[in-house]
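Here's the structure we're looking at; comments come further down.
Numbering (the working numbering), first residue to last: 352 to 800.
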């Protein structure tokens, strides 16, 4: 029997309310610039982005142990796990083991750090049950080991009870309407949403963690999508001056596109361009479940021959293959079942696909923003770009019969013998098709071909 995640179940609840898929995901995309005929922006370095989204993670606290009784207070028939038998802590030794294994293999993604996990304690103050020294060491581990390869997101404030931002305490009413995962975000204006997200972001900023995006807990924002997009844009810019804010709200395991959606684009020709990017996952939690009680199945992700499972489908479409898991299921109460499934998944992907590249969510968001929002015009000897955002590894494809090596601005680029060796500052030709990869600067620049 399949273990449905809260995110999937709550996503289906949107449809049950009478909203079709297109209405539920409809967003204001904002401005779009002119594009040059015959010039296509392709994936970075002609590779398919891979990423790994880790939800329900934080410092030390095993969220499953603490959140289940709070969920059960509102939904007593749905949350009947024996939560007292679950460990209260996911130790830093496991964070180090996981982070070092991923770093050695170039794996990147997103790692939630819930600021006030299940109302246990504040990460920028004290965490009752752990010493202040233990909390500081845990935060330092996130800063030094995880942050270089993983985006840090708040998964709102507590992931359980909604918090009154004026008092810093949970609202007294104990109903679905005041749980972050369910009804709290419904009907919130963009300003109200930004206020709540900024409250979560400031706690992590106080704790020494930088964020360029947010993750929604459960169904948060599913019925307030325009406010979520605008609130994310405003809050991330306000607290961290993030140039390209992003958020993770949705995952699709059907035929819908999982390409990022660049929203609310404005000011592309001025000094203050803006946008926010919706990042979409492509798998369910097929690792260890949100509570660490239901083993996953690697074959749902990718089969041993590399032909079956969800990831080959998405990679074949050329869309970012972004896996989704929950930290308690990766740890799996010390058995590490989810982690072992992830290890096998990575081994199979690397064995069967070489044209892939691991990226953080912020890197994917930046690439898609540049892809969607850079104006391109054909000029006599090439292509002129007007980019609102700089972008490493920007890659285009166009027709060209010239035998002259391409130049980007004044620099002559290096020929790559195959797409597999394409790097920034290089090009590859196949017949009259030219693929060029370069670091795109903000503002005006020209590729001479």
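Note that the Cβ used here is the ideal one computed from N, Cα and C, for glycine as well.
On a predicted model such as this, the values are computed, not experimentally measured, just so you know.
Extent of the continuous alpha helix (DSSP H) run through residue i
{"i": "residue 453", "result": "443–455"}
{"i": "residue 590", "result": "576–591"}
{"i": "residue 552", "result": "541–557"}
{"i": "residue 793", "result": "Here residue 793 belongs to no alpha helix (DSSP H), and DSSP marks it neither H nor E."}
{"i": "residue 484", "result": "483–492"}
{"i": "residue 650", "result": "649–652"}
{"i": "residue 661", "result": "661–668"}
Alpha-carbon to alpha-carbon, residue j and residue i
{"i": "residue 592", "j": "residue 444", "result": "33 Å"}
{"i": "residue 717", "j": "residue 793", "result": "12 Å"}
{"i": "residue 363", "j": "residue 500", "result": "With a pLDDT of 39 at residue 363, under the threshold of 50, the predicted position of this residue should be treated as unreliable, and no value is reported."}
{"i": "residue 684", "j": "residue 643", "result": "6 Å"}
{"i": "residue 413", "j": "residue 512", "result": "16 Å"}
{"i": "residue 749", "j": "residue 733", "result": "10 Å"}
{"i": "residue 629", "j": "residue 596", "result": "9 Å"}
{"i": "residue 725", "j": "residue 623", "result": "14 Å"}
{"i": "residue 730", "j": "residue 773", "result": "25 Å"}
{"i": "residue 693", "j": "residue 544", "result": "34 Å"}
{"i": "residue 764", "j": "residue 466", "result": "46 Å"}
{"i": "residue 789", "j": "residue 590", "result": "31 Å"}
{"i": "residue 435", "j": "residue 560", "result": "31 Å"}
{"i": "residue 579", "j": "residue 627", "result": "10 Å"}
{"i": "residue 374", "j": "residue 530", "result": "Residue placement at residue 374 is flagged as unreliable, the pLDDT there being 40, under the threshold of 50; the coordinate-derived value follows with that caveat. Their Cα atoms are separated by approximately 24 Å."}
{"i": "residue 408", "j": "residue 502", "result": "12 Å"}
{"i": "residue 719", "j": "residue 450", "result": "26 Å"}
{"i": "residue 473", "j": "residue 483", "result": "11 Å"}
{"i": "residue 389", "j": "residue 747", "result": "10 Å"}
{"i": "residue 689", "j": "residue 406", "result": "13 Å"}
{"i": "residue 780", "j": "residue 648", "result": "41 Å"}
{"i": "residue 768", "j": "residue 410", "result": "46 Å"}
{"i": "residue 486", "j": "residue 709", "result": "30 Å"}
{"i": "residue 404", "j": "residue 387", "result": "34 Å"}
{"i": "residue 553", "j": "residue 524", "result": "25 Å"}
{"i": "residue 771", "j": "residue 458", "result": "18 Å"}
{"i": "residue 519", "j": "residue 464", "result": "18 Å"}
{"i": "residue 687", "j": "residue 707", "result": "26 Å"}
Cross-strand partners of residue i (DSSP beta bridge)
{"i": "residue 729", "result": "734"}
{"i": "residue 460", "result": "403, 501"}
{"i": "residue 677", "result": "406"}
{"i": "residue 521", "result": "514"}
{"i": "residue 788", "result": "746, 777"}
{"i": "residue 672", "result": "401"}
{"i": "residue 440", "result": "412"}
{"i": "residue 530", "result": "512"}
{"i": "residue 381", "result": "616"}
Endpoints, beta strand (DSSP E) assigned at residue i
{"i": "residue 614", "result": "612–617"}
{"i": "residue 599", "result": "597–602"}
{"i": "residue 566", "result": "564–566"}
{"i": "residue 628", "result": "625–632"}
Sequence-distant residues of its chain with Cβ nearer than 6 Å to residue i (five each side left out)
{"i": "residue 547", "result": "none"}
{"i": "residue 488", "result": "none"}
{"i": "residue 417", "result": "469, 471"}
{"i": "residue 536", "result": "571, 572, 575"}
{"i": "residue 618", "result": "624, 625"}
{"i": "residue 376", "result": "Caution is warranted here: a pLDDT of 47 is assigned to residue 376, below 50, making its placement in the model unreliable, and the coordinate value is therefore given only provisionally. So the list is empty, once near-sequence residues are dropped."}
{"i": "residue 481", "result": "411"}
Cβ shell of residue i (< 8 Å), same chain only, five flanking positions each side left out
{"i": "residue 380", "result": "612, 613, 614, 615, 616"}
{"i": "residue 550", "result": "508, 514, 516"}
{"i": "residue 752", "result": "783"}
{"i": "residue 670", "result": "399, 608, 609, 610, 633"}
{"i": "residue 786", "result": "393, 397, 746, 747, 748, 770, 773, 778, 779, 780"}
Cut-off 7 Å between Cβ atoms - residues of its own chain near residue i, not counting five sequence neighbours on either side
{"i": "residue 741", "result": "791, 792, 793"}
{"i": "residue 663", "result": "653, 657"}
{"i": "residue 557", "result": "475"}
{"i": "residue 584", "result": "596, 615, 625, 627"}
Which parts of the region 388–423 are runs of the beta strand (DSSP E), unbroken and 3 residues or longer, counting only runs that do not cross its ends?
-> 390–392, 399–406
Within the region 684–766, ranges of the alpha helix (DSSP H) (whole runs, at least 4 residues) | 688–703, 712–724
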